[in-house]
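Chemist: So the protein lines, in turn, are chains A and B. 35 is the number of the first residue of the first sequence in our numbering; add one for each residue after it. 137 is the number of the first residue of the second sequence in our numbering; add one for each residue after it. Here you go, one structure.
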Amino acid sequence: MRITTTRFVFSLVTGFFGLMLILFSDYINSPSIIEAQENLAQNQNQNQYPFLNEEIPDWKARWELAKVLSYLKRYKESIFEYEKLLKEKPDLIEAKCEMANVLFWNGEQDKAIAVFRQIPEEKLDDKSKLFIADAYVAQKNYDKAEPIYRSYLEKHPEDAKARLKLAEMLSWQKRYDESIAQYEMILKTVPNDIQIRRKYAFVLIWADKQTQAAEELKKTLK
Amino acid sequence: MQTNQQIKQKQYLCFIVLLVLSCYFSITAYHVFHREWIFYRKGQDAFLIKDFSEAIVFYQQAIAQGLKKPYSSKVRYQTAEMLSYTKQYEEACLIYKELLEEYPNNRVLQFALARVLTWNNQFEEAVIEYKKILGEYHENHYH
């Protein structure tokens, strides 16, 4: 077949076009180009840390520091950090609750209650309410603690720890029958807990139910 | 003897074939010469559907294939995040510390490292990192 000049030129042009298309496809598919355009549109500085544009404000770091210090039982330092945090962010209810808890663990029940009182009751979660009740018990303010425990147990009847606190408090108030009723409910959920059964046995002794107490104590010695 | 129309049809056919071939070769060439980006995109897709184990594997392959900065840094950061989501805290800490050597005093990295140290119960180290973020860490007086 005779190759004419036209055909030759046409083939050359087509081949050249094909090659350009390959190179151009490679170029426009490059993600670095796409992302550079995106970053330009978003006005980001490509030379800094394009993947780390998030800001970490001081108060966030301080909050986490306060929590970690409490895990380490460095309560005074933790309280100090919480106080600094709440100066900057006084509306952080969660942080206030946490600080109140730390005050409680540090033996400052009065201050803990004072902080909890600053928080509107509807914003307190159940865990914080329990802490308030524990603080009242530590102050021997049983009348204030009891309604909080009972209200909590209505919502969380399976919480053996909270029920135990109520049972113990009732026994300290010499309300042995009520305390025994609570212990019996607890032992239905955790029948193998030796320590709870022993505490139950002691309450039975104080309530003058020695025979029953002896049986319960025998169960703990098996 | 071919008519003009037949010649034109052949020319158009050649053009279409060349076009198709160029598209095919460009895609193939991309897969061959830019494998790191293929793995990067696959990693991103897996990350978006929260298939973290898969995403970590793809990202590691992207880095092994030579993914360049700053994308490799982004990938390593996301890998560290995913390792922490899957409770592989030691590995996550290592990556954050490596990134901090390249980007010292970066608060985001320090914060992420501090959180992972906390989750790994390394509270003393976490306290140090938080104090660094706040500019309150003094090495000589810490203990």
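Just so you know, even glycine gets a beta-carbon here, dropped at the ideal spot from N, CA and C.
At a Cβ cut of 7 Å, what residues of the stretch 86 to 119 of chain A count as close to chain B, listed as they run along the chain?
Modeler: Answer set for the stretch 86 to 119 of chain A: L86, E88, I90, D92, A95, R96, E98, L99, V102, L103, Y105, L106.
Chemist: Using a beta-carbon distance below 8 Å, is B/L236 in contact with chain A?
Modeler: Taking Cβ atoms only, chain A never reaches closer than 8 Å to B/L236, which makes this a no.
Chemist: Count the other CB atoms, across all protein chains shown, that sit within 10 Å of the CB of B/Y218; report buried if there are 16 or more and exposed otherwise.
Modeler: Contrary to the premise, residue 218 of chain B reads as Met rather than Tyr in this sequence. Classification for B/M218: buried.
Chemist: Looking at A/I214: is its Cβ nearer than 8 Å to the Cβ of A/A248?
Modeler: Not a contact, by the Cβ cut-off of 8 Å.
Chemist: Please work out which residues of its chain come closer than 7 Å, Cβ to Cβ, to A/I166, disregarding the five sequence neighbours upstream and downstream, and give them in chain order.
Modeler: Contacts found: I147, F150, I182.
Chemist: Can you find a CB in chain A that lies within less than 8 Å of the CB of B/F151?
Modeler: Chain A contact via Cβ: present.
Chemist: I want to verify the contact list: residues of chain A whose CB lies under 8 Å from the CB of B/K267, in sequence order.
Modeler: Going along chain A in sequence order, the residues near B/K267 (Cβ under 8 Å) are L99.
Chemist: Against chain B, with Cβ distances strictly below 8 Å, would A/T254 count as a contact?
Modeler: Not closer than 8 Å to any Cβ of chain B, the Cβ of A/T254 fails to qualify, so no.
Chemist: Determine the DSSP secondary structure at B/Q258, reduced to helix, strand or coil.
Modeler: Correct three-state label for B/Q258: coil.
Chemist: By how many angstroms is the C-alpha of A/P154 removed from the C-alpha of B/Y221?
Modeler: Between B/Y221 and A/P154, the C-alpha separation is close to 35 Å.
Chemist: Can you list the residues of chain B that A/E245 reaches, using a CB-CB cut of under 8 Å?
Modeler: This sequence places Thr at residue 245 of chain A; Glu is not what is there. Residues of chain B passing the Cβ test: none, with the nearest at roughly 48 Å.
Chemist: Would the stretch 139 to 148 of chain B count as touching the stretch 163 to 182 of chain B if we require 3 or more Cβ pairs under 8 Å?
Modeler: With the cut-off at 8 Å, the stretch 139 to 148 of chain B and the stretch 163 to 182 of chain B do not touch.
Chemist: Around the C-beta of B/S209, are 16 or more other C-beta atoms found within 10 angstroms, so that it is buried, or is it exposed?
Modeler: That one is buried.
Chemist: Since A/T48 meets chain B, which of its residues come closer than 8 Å, beta carbon to beta carbon?
Modeler: Ordered by position in chain B, the residues that pass the 8 Å Cβ test against A/T48 are C150, F151, L154.
Chemist: Count the other C-beta atoms from every protein chain shown that fall within 10 angstroms of the C-beta of A/K174, then say buried if there are 16 or more, exposed otherwise.
Modeler: So A/K174 counts as exposed.
Chemist: Do you know how far the Cα of B/C229 is from the Cα of B/L249?
Modeler: Each residue's Cα considered, the two are about 6 Å apart.
Chemist: Counting only Cβ pairs nearer than 8 Å, list the residues of chain A close to B/L270.
Modeler: What B/L270 touches in chain A: D92, A95, R96, L99.
Chemist: Count the other C-beta atoms from every protein chain shown that fall within 10 angstroms of the C-beta of B/H274, then say buried if there are 16 or more, exposed otherwise.
Modeler: The residue in question, B/H274, is exposed, as its Cβ has fewer than 16 Cβ neighbours within 10 Å.
Chemist: Distance check for A/Q216 and A/E117, CA to CA, integer angstroms please.
Modeler: Distance between the alpha carbons of A/E117 and A/Q216: 39 Å.
Chemist: Taking only beta-carbon positions, decide if B/T215 is within less than 8 Å of chain A.
Modeler: Not closer than 8 Å to any Cβ of chain A, the Cβ of B/T215 fails to qualify, so no.
Chemist: Report the rounded CA-to-CA distance for A/S104 versus A/E98, giving the unit in angstroms.
Modeler: When rounded, the distance between both Cα atoms is 10 Å.
Chemist: For B/V211, collect the residues of the same chain with a Cβ closer than 8 Å to its Cβ; drop the 5 residues on either side in sequence, then sort them by chain order.
Modeler: Here the set comprises Y176, G179, Y195, A198, I199, L203.
Chemist: What residues of chain C sit near B/R251, judged by a beta carbon separation below 9 Å?
Modeler: Absence of chain C from the displayed structure is noted, the protein chains being A and B.
Chemist: Can you give me the Cβ contacts of B/L149 inside the same chain, cut-off strictly under 8 Å, excluding the 5 residues immediately before and after it?
Modeler: Same-chain partners within the cutoff: there are none.
Chemist: Please tell me whether A/K145 and A/L137 are closer than 8 Å, where the distance is taken between their beta carbons.
Modeler: Going by C-beta atoms, A/K145 is nearer than 8 Å to A/L137.
Chemist: Leaving out the 5 sequence neighbours to the left and right, which residues in its chain are closer than 6 Å to A/I113 when beta-carbon positions are compared?
Modeler: V136, listed in sequence order.
Chemist: Are there 16 or more other CB atoms within 10 angstroms of the CB of B/S160, so buried, or fewer, so exposed?
Modeler: With the sequence shown as reference, residue 160 of chain B is identified as Tyr, and Ser is not the correct amino acid for it. Per the 10 Å Cβ criterion, exposed.
Chemist: State the Cα-Cα distance for the pair A/E111 and A/L120, rounded to the nearest angstrom.
Modeler: Spanning the two alpha carbons is a distance of roughly 14 Å.
Chemist: Please report whether the beta-carbon of B/V168 lies at a distance below 8 Å from any beta-carbon of chain A.
Modeler: It does not; no Cβ of chain A falls within 8 Å.
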